[in-house]
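Structure, as structure tokens:
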Amino acid sequence: MPLIPEESQIHESAQGPRATAAAGRPVPTPRPVPGPRTAATPRPGRPVPGPVRPAPPMPRPPVADPQADAAAENRFDQRDEPQIQLIPATVDGAVDAAEEAVDLLLESGRAPGDVLVLTTGEQHPWAAHELSFGEDAYWAQGDAREDVFFADAAAAARTAVRPVVVVAVNGGSDEAVAGRLPEAMARASALLIVCGDPQRVGAVLGVGV
Numbered sequence: 315m316p317l318i319p320e321e322s323q324i325h326e327s328a329q330g331p332r333a334t335a336a337a338g339r340p341v342p343t344p345r346p347v348p349g350p351r352t353a354a355t356p357r358p359g360r361p362v363p364g365p366v367r368p369a370p371p372m373p374r375p376p377v378a379d380p381q382a383d384a385a386a387e388n389r390f391d392q393r394d395e396p397q398i399q400l401i402p403a404t405v406d407g408a409v410d411a412a413e414e415a416v417d418l419l420l421e422s423g424r425a426p427g428d429v430l431v432l433t434t435g436e437q438h439p440w441a442a443h444e445l446s447f448g449e450d451a452y453w454a455q456g457d458a459r460e461d462v463f464f465a466d467a468a469a470a471a472r473t474a475v476r477p478v479v480v481v482a483v484n485g486g487s488d489e490a491v492a493g494r495l496p497e498a499m500a501r502a503s504a505l506l507i508v509c510g511d512p513q514r515v516g517a518v519l520g521v522g523v
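The numbering used here numbers the first residue of the sequence shown as 315 and each following residue consecutively.
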């Protein structure tokens with residue numbers, strides 16, 4: 315097919331760089347294409363590294379100081395006592411007061427997993443419902459610490475420490491309450507809220523109303 319006069323012809327001699335240089339002119343050395351370097355590829359101009367030197371010996375660990383360890387344990391055990399807040403409530407209204415306190419805590423930004431609710435009398439309805447599916451599944455929820463957990467104050471020692479513990483004094487004898495409130499306080503790392511008779515609670519915890 316004849317070529318159209320307007321189209322330019324491409325000759326093979328025009329493709330790519332010339333293989334030979336002009337007479338009397340040296341052929342330039344092609345430059346290496348830069349790329350990623352590995353540890354085995356030395357940089358240009360640097361000598362090839364020799365054999366790897368052995369690492370210096372690891373220093374021996376310091377000898378344990380029993381007195382220092384005991385002091386550290388004492389500092390850990392002597393944590394600050396939690397703040398105590400008393401909310402006046404009757405025996406019949408203690409659970410409702412505790413639920414209102416939990417709502418305020420969550421609205422203020424507390425995470426649900428930070429809150430533990432204990433009852434000194436009858437189980438909270440949520441706890442009674444969850445226990446109907448078995449104790450293993452019930453206590454697994456408490457160990458997960460993903461939500462507010464309700465438990466009997468008599469089993470407070472089985473629960474994990476949480477920043478906030480809310481106690482509803484909804485029953486139990488004076489002796490039972492006197493034994494369970496200190497255990498509840500030991501479960502709280504920041505705040506203990508007790509909903510009940512202020513005079514009764516204050517006498518047990520030794521705080522003023």
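In this text, a Cβ means the ideal position worked out from N, Cα and C, and glycines have one as well.
Under a 10 Å Cβ-count criterion, Arg-472 is classified as exposed, with fewer than 16 other Cβ atoms of the shown protein chains found around its own Cβ. Residue pairing by DSSP places Arg-476 opposite Ala-502 in a beta bridge. The straight-line gap separating the alpha-carbon atoms of Gln-513 and Asp-417 is approximately 25 Å. Setting aside the 5 residues that flank it on each side, Gly-456 is surrounded in the same chain by Phe-463, Thr-473, each with a C-beta closer than 6 Å to its C-beta; the list follows chain order.
Taking 9 Å as the cut-off, the Cβ atoms of Arg-494 and Leu-400 do not count as close. Sixteen is the threshold: when 16 or more other Cβ atoms of the shown chains lie within 10 Å of the Cβ of Ala-415, as they do, the residue is buried. DSSP, reduced to helix, strand and coil, places Val-405 outside both helices and strands of the structure shown, so it counts as coil. At the C-beta level, Val-508 and Val-478 stay beyond 9 Å of one another. Taking C-beta atoms under 8 Å as the contact rule, Asn-484 and Val-429 fail to qualify, at a distance of about 17 Å.
Residue burial is scored here from C-beta neighbours: Glu-460 has fewer than 16 other C-beta atoms within 10 angstroms and is therefore classed as exposed. Contact between Val-475 and His-438 does not hold, since the beta-carbon distance rounds to 20 Å and is not under 8 Å.
If you ignore the 5 residues before and after Gly-486, its C-beta comes within less than 6 Å of the C-beta of Thr-434, Gly-435, all in its own chain and listed in chain order. Here DSSP, grouped into helix, strand and coil, assigns Gln-399 to strand.
Between Ala-441 and Ala-465 the beta-carbon gap is near 6 Å, inside 8 Å, which marks them as a contact. Within its own chain, the residues whose Cβ lies closer than 7 Å to the Cβ of Ala-468, once the five positions on either side in sequence are excluded, are Arg-494, listed in chain order. Between Ala-403 and Ala-412, the C-beta spacing is below 9 Å. In the DSSP secondary-structure assignment, Phe-464 is bridged to Val-431. The C-alpha of Ala-458 is placed about 18 Å away from the C-alpha of His-443.
Per DSSP, Gly-456 is one residue of the alpha helix (DSSP H) stretching across 449 to 458. Per DSSP, the continuous alpha helix (DSSP H) segment holding Gly-516 begins and ends at 512 to 519.
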